[in-house]
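K.L.:
Structure in structure tokens, see below.
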Amino acid sequence: MLGYRFMGRAHSNAIARLPMFFPDAPEIERHTLIGRDKEALAEAADQFGFAQTATDWEAVVEEVDVFYNLGPNHLHAEPSIAALEAGTPVLCEKPLAPTLETAERMRDAASEAGVPAGCAFNYRFLPAIQYAKQLIANGDLGTIQHVRGRYLQDWLVDPEAPWAWRMDSELAGSGALGDLGAHTVDLARFLGGDQTGDIERVSGHLETFVDERPVYDDEEAIEEYRPVTVDDAYTAQAEFANGAVGSFEASRVATGHKNDHTIEIHGTEGSLKFSLERLNELKLLTGDNRGYETILVTDETDPYVDHWWPPGHTIGWEHSFVHENYEFLSAVADGTEFSPSFDDAYDVQVILDAIERADDIGQWVDVREQ
Ligand code: SOE
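Counting in this note's numbering, the sequence shown runs from 360 upward without gaps.
Following this line, the structure appears as structure tokens:
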């Protein structure tokens with residue numbers, strides 16, 4: 360596993376939960392944790408249950424049965440491609456890469472390797488999202504005409520909030536667009552399946568409100584200011600191949616919103632709304648057009664719920680990672696396909712890239728014309 364900070368913790372927690380709650384998951388030996396800062400790495404390896412640590416990934420990706428790439432975006436490509444070239448399955452964090460060209464190389468390496476290569480769009484694995492997908496696939500919403508997705512956070516609303524790699528275009532690619540918008544675009548495509556899997560045209564508007572941020576020293580004094588070269592917020596419109604209209608937005612400066620990912624879908628026969636801040640629920644309107652009802656997606660018949668607590672007891676954000684790890688590791692053990700794959704993640708990256716191009720030229724762009 361490369362990376363031991365936020366995503367390292369999230370995935371290590373998931374792996375630790377598997378034997379207790381998903382006893383049919385493959386047995387995992389936590390082999391090597393990879394990172395640069397030896398002291399922090401050793402501490403994390405101890406907490407997460409890894410047998411050893413390494414500061415270089417080259418040899419490790421060839422030795423292991425599975426490689427997790429949870430590093431910053433600019434570190435996604437080379438280690439993942441090397442692992443795939445060695446025939447090692449890979450689970451890589453999102454967005455797949457900082458640029459479309461790099462994402463393409465990763466997709467091609469995965470297709471050459473023919474082993475599972477997954478991108479960690481964890482929200483697909485929430486019971487409410489899986490339930491919503493089934494409803495749409497069953498035709499309960501009819502023909503989809505609107506997809507509306509927004510992902511709002513506010514951790515950068517303070518102009519003195521510290522600079523981080525997520526604010527540098529070389530290291531991250533884009534800002535709110537790639538980090539948050541990638542989830543929304545993935546869900547819009549996933550939920551609608553055949554209907555909204557394909558986006559044809561997009562507009563785009565990216566905005567940076569604070570163009571430099573402080574780097575603090577150990578005493579919390581400001582050492583220097585570094586430029587912010589990515590967007591704090593984006594908005595986009597989309598035209599789906601089935602004729603549906605879409606609108607997407609994300610922000611890191613939406614005061615008052617902490618982790619507010621909302622998707623709304625309207626079809627000719629009904630509508631649904633999902634909010635990450637109410638992740639055990641789905642708002643649903645079918646039949647009589649008399650307002651939404653709230654469905655609790657906590658029944659034992661709902662996806663993954665029977666693995667946890669008695670029906671009606673809720674689950675949280677971290678459970679999406681447990682389900683994702685279960686599906687990914689089972690696919691590796693069984694030699695079956697896993698999605699979201701690098702192919703899926705590349706398709707998301709095509710949309711992100713098109714939104715940036717639309718912003719550059721100030722016009723809608725055809726997604727296929729790169
Ligand atoms: C950013 O704050 C972030 O941690 C994203 O990087 C994750 O992908 C998202 O799930 C939560 O927010």
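Positions of the beta carbon are idealized from the N, C-alpha and C atoms, including for glycine. Here the structure is a predicted model, which means the values were calculated and not measured.
As a quick check of your reading: which residues have a C-beta less than 7 angstroms from at least one non-hydrogen atom of ligand 1, in chain order?
P.N.:
Per the Cβ criterion, the list is PHE365, LYS453, ASN481, GLN512, TRP514, ASP538, LEU539, HIS542 and ASN618.
K.L.:
Contact between the segment 508 to 515 and the segment 656 to 673: three or more CB pairs below 8 angstroms?
P.N.:
No, the segment 508 to 515 does not touch the segment 656 to 673.
K.L.:
How many angstroms separate the CA atom of ARG376 from the CA atom of GLU529?
P.N.:
Looking at the two C-alpha atoms, the distance is approximately 35 angstroms.
K.L.:
Pick from PRO573, ILE624 and ASP702: whose alpha carbon is nearest that of GLN554?
P.N.:
Out of PRO573, ILE624 and ASP702, ILE624 has the C-alpha closest to the C-alpha of GLN554.
K.L.:
Measuring alpha carbon to alpha carbon, tell me which of ALA717, GLY675 and LEU688 ends up nearest LEU485.
P.N.:
LEU485 has its Cα closest to that of GLY675, out of ALA717, GLY675 and LEU688.
K.L.:
Can you tell me which of GLU728, TRP514 and ARG395 puts its alpha carbon nearest to the alpha carbon of ASP712?
P.N.:
Closest by alpha carbon: GLU728.
K.L.:
Looking at the secondary structure, which residues open and close the alpha helix (DSSP H) in which LYS642 lies?
P.N.:
Note, LYS642: premise wrong, no alpha helix (DSSP H); beta strand (DSSP E) at 640 to 645.
K.L.:
Would you tell me roughly how many angstroms separate the C-alpha atoms of LEU455 and TYR705, rounded to the nearest one?
P.N.:
LEU455 and TYR705: Cα-Cα distance of roughly 7 angstroms.
K.L.:
Which value, in whole angstroms, describes the spacing of the CA atoms of GLN493 and GLY540?
P.N.:
GLN493 and GLY540: Cα-Cα distance of roughly 23 angstroms.
K.L.:
Taking THR695 as part of the alpha helix (DSSP H), name the residues at either end of that continuous run.
P.N.:
Premise fails: THR695 is in no alpha helix (DSSP H) and is neither H nor E.
K.L.:
Could you tell me the distance, in whole angstroms, from the CA atom of GLU471 to the CA atom of GLU583?
P.N.:
Distance between the alpha carbons of GLU471 and GLU583: 45 angstroms.
K.L.:
With H, G and I counted as helix, E and B as strand and the rest as coil, what does DSSP make of PRO573?
P.N.:
PRO573: strand per DSSP, three-state reduction.
K.L.:
Measure the C-alpha to C-alpha separation of ALA496 and GLN489 and round it to an integer number of angstroms.
P.N.:
Between ALA496 and GLN489, the C-alpha separation is close to 11 angstroms.
K.L.:
Between the C-alpha atoms of SER679 and GLY394, what's the straight-line distance to the nearest angstrom?
P.N.:
Near 25 angstroms, if we compare the C-alpha coordinates of GLY394 and SER679.
K.L.:
Cα separation between HIS542 and GLU683?
P.N.:
Cα-Cα distance, rounded: 14 angstroms.
K.L.:
Which residue marks the beginning of the alpha helix (DSSP H) containing THR461, and which one marks its end?
P.N.:
First-last of the alpha helix (DSSP H) with THR461: 459 to 472.
K.L.:
Could you tell me the boundaries of the alpha helix (DSSP H) in which PRO486 lies?
P.N.:
486 to 496 is the span of the alpha helix (DSSP H), which, as asked, contains PRO486.
K.L.:
Between the Cα of THR627 and the Cα atoms of ILE503, GLY362, ALA399 and ALA462, which residue gives the shortest distance?
P.N.:
For the residues ILE503, GLY362, ALA399 and ALA462, the minimum Cα distance to THR627 belongs to ILE503.
K.L.:
Leaving out five residues on either side along the sequence, give the residues of the same chain with a beta carbon under 6 angstroms from the beta carbon of SER371.
P.N.:
Cβ neighbours of SER371 beyond the five flanking positions: PHE407.
K.L.:
Whole angstroms are fine: how far does the CA of LEU643 sit from the CA of ALA462?
P.N.:
One C-alpha to the other measures close to 36 angstroms.
K.L.:
Cα separation between VAL574 and ILE581?
P.N.:
Rounded to whole angstroms, VAL574 to ILE581 spans 6 angstroms at the Cα level.
K.L.:
Which one or two residues does DSSP pair with PRO586 in a beta bridge?
P.N.:
DSSP output for PRO586 lists GLU571 as bridge partner(s).
K.L.:
For ARG716, collect the residues of the same chain with a Cβ closer than 6 angstroms to its Cβ; drop the 5 residues on either side in sequence, then sort them by chain order.
P.N.:
Correct list, in chain order: VAL724.
K.L.:
With a threshold of 16 other CB atoms inside 10 Å of the CB of ALA597, please say whether the residue is buried or exposed.
P.N.:
With 16 or more Cβ atoms within 10 Å of its Cβ, ALA597 is classed as buried.
K.L.:
Can you list the alpha helix (DSSP H) stretches of 4 or more residues lying completely in the segment 497 to 559, in chain order?
P.N.:
Whole alpha helix (DSSP H) segments, 4+ residues: 528 to 531 and 541 to 551.
K.L.:
Could you tell me whether the Cβ atoms of GLU452 and ALA479 are closer together than 7 angstroms?
P.N.:
A contact, by the Cβ cut-off of 7 angstroms.
K.L.:
Let me make sure I understand the geometry here. Which of TYR663, SER630, GLU659 and ILE654 has the alpha-carbon closest to that of ASN648?
P.N.:
When each option's Cα is compared against that of ASN648, the closest is SER630.
K.L.:
Taking C-beta to C-beta, are VAL449 and MET526 nearer than 7 angstroms?
P.N.:
Against a cut-off of 7 angstroms, the Cβ pair of MET526 and VAL449 comes out as no contact.
K.L.:
Whose CA, out of SER439, ASP718 and TYR593, lies closest to the CA of MET465?
P.N.:
That would be SER439, whose Cα lies nearest to the Cα of MET465.
K.L.:
Considering only the alpha carbon of each residue, which of PRO457, ALA491 and ALA442 lies closest to PRO431?
P.N.:
With distances taken between Cα atoms, PRO431 lies closest to PRO457.
K.L.:
Have a look at ASP538 and LEU635 and give me their C-alpha separation to the nearest angstrom.
P.N.:
Going from the Cα of ASP538 to the Cα of LEU635 covers about 16 angstroms.
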